[in-house]
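Participant: Sharing a structure with you now.
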Amino acid sequence: MKQTLEDDNVFYYNHSAFLAAARTITLYMQKQYKTGKSKKDRKDFDEWYSQKQLKMIADPELKYLIKARDEAIHIETIETGVTRTKTSSIGLTVEKGTPETEQVKEAESKPSAQSSPRTVRRFFPECKEYLFSWNDIPENDGKSLRNFLKKDLKINWIRKATIEKANDNKTIKVTDGKNLITLKLNKEDNKVTLEIQGGETYEYPLKEVSCELKVYSKGMDVIEFGEKQLAKLSKVVEDCEKRFP
136 MKQTLEDDNV FYYNHSAFLA AARTITLYMQ KQYKTGKSKK DRKDFDEWYS
186 QKQLKMIADP ELKYLIKARD EAIHIETIET GVTRTKTSSI GLTVEKGTPE
236 TEQVKEAESK PSAQSSPRTV RRFFPECKEY LFSWNDIPEN DGKSLRNFLK
286 KDLKINWIRK ATIEKANDNK TIKVTDGKNL ITLKLNKEDN KVTLEIQGGE
336 TYEYPLKEVS CELKVYSKGM DVIEFGEKQL AKLSKVVEDC EKRFP
């Protein structure tokens, strides 16, 4: 997948192959250890693995991995968002010695350039709970928004802050009189921009669910997501090998 970011079709082929292969890791492990040396060995494995299964079932990312595999194999290509940002430039040439009114101008379009890999963002909103609902503010005093600002952005003054939403429903301001945070809604680009006065600016994915605008945490790059899940599955196998040498 890392080597084929420039070609969506090839990338999706490799992505589908990864999803299928990742799913077989624990299936292969079960097959291997269910045929242990003795009946006791097989029973010990079943008891051990049942506990591991409970943890994996409770993991929303691993749960999504199985869902994505089934969808990729039986239904359709997994939609993972924009692959990359493309840029293009125009070159202009003017024939020398020709009067200005008769100058021949040739516009040469250059191929789109692959942007830096850091801009490759593939969102998996199914993998995580939303941070807060835009609709709920300020009716319920923005409890979920306060929790997000305190826990994720370490905004310690949020407890005494007031939260106000503009009449056009496009801006939310959070302030304690000294500090200010502004959130701007952009439904066209499906995002919310958060600006800390005198500090950082962040962007968060926006998704409309049952007529409710929900703001999610930053999407995980699909390569990062794959490596993270592979590490989780590999850890299960390593634990198994240590427990049942």
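For the sequence shown, the residue numbers in this note's numbering are 136 to 380.
For glycine and all other residues, C-beta sits at the position ideal for the given N, C-alpha and C.
Would you check if the distance between the CB atom of N321 and the CB atom of T328 is smaller than 8 Å?
Facilitator: For the purposes of this step, residue 321 is identified with residue 186 of the sequence shown, where counting begins at 1. For the purposes of this step, residue 328 is identified with residue 193 of the sequence shown, where counting begins at 1. In contact: N321 and T328 (Cβ atoms closer than 8 Å).
Participant: For the stretch 338–352 against the stretch 265–280, do three or more pairs of beta-carbon atoms, one drawn from each stretch, fall closer than 8 Å, so that the two count as touching?
Facilitator: The stretch 338–352 is in contact with the stretch 265–280.
Participant: Considering only C-alpha positions, which residue in the set L341, K313, S173 is nearest to D324?
Facilitator: To locate residue 324, count along the sequence shown from 1; it is residue 189. Closest option to D324, Cα to Cα, is L341.
Participant: Give me the Cα-Cα distance between F180 and F379, rounded to the nearest whole angstrom.
Facilitator: Along the sequence shown, read from residue 1 onward, the residue named residue 180 stands at position 45. Along the sequence shown, read from residue 1 onward, the residue named residue 379 stands at position 244. Straight-line Cα distance between these residues: approximately 8 Å.
Participant: Using only the alpha-carbon positions, how far apart do K326 and Y339 sit?
Facilitator: One-based indexing of the sequence shown puts residue 326 at position 191. One-based indexing of the sequence shown puts residue 339 at position 204. Cα to Cα, K326 sits roughly 5 Å from Y339.
Participant: Give the secondary structure of F267 by DSSP, where H, G and I count as helix, E and B as strand, and everything else as coil.
Facilitator: For this step, residue 267 is matched to residue 132 along the sequence shown. The answer is strand: DSSP assigns F267 an E or B state.
Participant: So what's L280 in DSSP terms, helix, strand or just coil?
Facilitator: Position 145 of the sequence shown, counted from the first residue, corresponds to residue 280. Helix, per DSSP.
Participant: At which residues does the alpha helix (DSSP H) containing L320 begin and terminate?
Facilitator: The residue given as residue 320 occupies position 185 in the sequence shown. No alpha helix (DSSP H) holds L320; the beta strand (DSSP E) holding it covers 315–321.
Participant: Could one say the Cβ of I210 lies closer than 8 Å to chain D's Cβ atoms, at least one of them?
Facilitator: Any reference to chain D falls outside this structure, which holds one protein chain only.
Participant: For a test of the three-state rule: what should DSSP assign to I201, helix, strand or coil?
Facilitator: Locating residue 201 in the sequence shown gives position 66, counting from the first residue. Note: I201 maps to helix in three-state DSSP.
Participant: Give the DSSP bridge partners of T161, in chain order.
Facilitator: The residue labelled residue 161 in the question sits at position 26 within the sequence shown. None; T161 has no bridge partner.
Participant: Sort out for me which residues DSSP pairs L341 with in a bridge.
Facilitator: Stepping through the sequence shown from its first residue, residue 341 is reached at position 206. Bridge partners of L341: V350.
Participant: Using the C-alpha atoms, what's the distance from E299 back to K319?
Facilitator: By one-based count along the sequence shown, residue 319 stands at place 184. By one-based count along the sequence shown, residue 299 stands at place 164. Near 12 Å, if we compare the C-alpha coordinates of E299 and K319.
Participant: Determine the direct distance from the alpha carbon of K166 to that of K80, and round the result to whole angstroms.
Facilitator: Since the first residue of the chain shown is 136 and the last is 380, residue 80 is not available in this structure.
Participant: So is the beta-carbon of W292 under 7 Å away from any non-hydrogen atom of the ligand ATP?
Facilitator: Ligands are entirely absent from the displayed structure, and the ligand ATP is therefore not among its contents.
Participant: Would you mind working out which of I293, A301, E335 sits nearest G312, comparing C-alpha positions?
Facilitator: Along the sequence shown, one-based indexing puts residue 312 at 177. Out of I293, A301, E335, I293 has the C-alpha closest to the C-alpha of G312.
Participant: Confirm, please, whether the CB-CB distance from K137 to I358 is below 8 Å.
Facilitator: On the sequence shown, residue 358 is found 223 positions in, with the first residue counted as 1. On the sequence shown, residue 137 is found 2 positions in, with the first residue counted as 1. Cβ distance < 8 Å, so I358 and K137 count as in contact.
Participant: What span of residues does the alpha helix (DSSP H) with I192 cover, start to end?
Facilitator: Within the sequence shown, the letter at position 57 stands for residue 192. Element bounds for I192: 174–192.
Participant: Can you tell me which of the three DSSP states L368 falls into?
Facilitator: If you number the sequence shown from 1, residue 368 lands on position 233. Helix.
Participant: On a Cα-Cα basis, can you pick out the residue from D374, G361, E373 that is closest to K196?
Facilitator: The residue given as residue 196 occupies position 61 in the sequence shown. For clarity, residue 196 is Glu in the given sequence; the question names Lys instead. Of the candidates D374, G361, E373, the one whose C-alpha sits nearest the C-alpha of E196 is G361.
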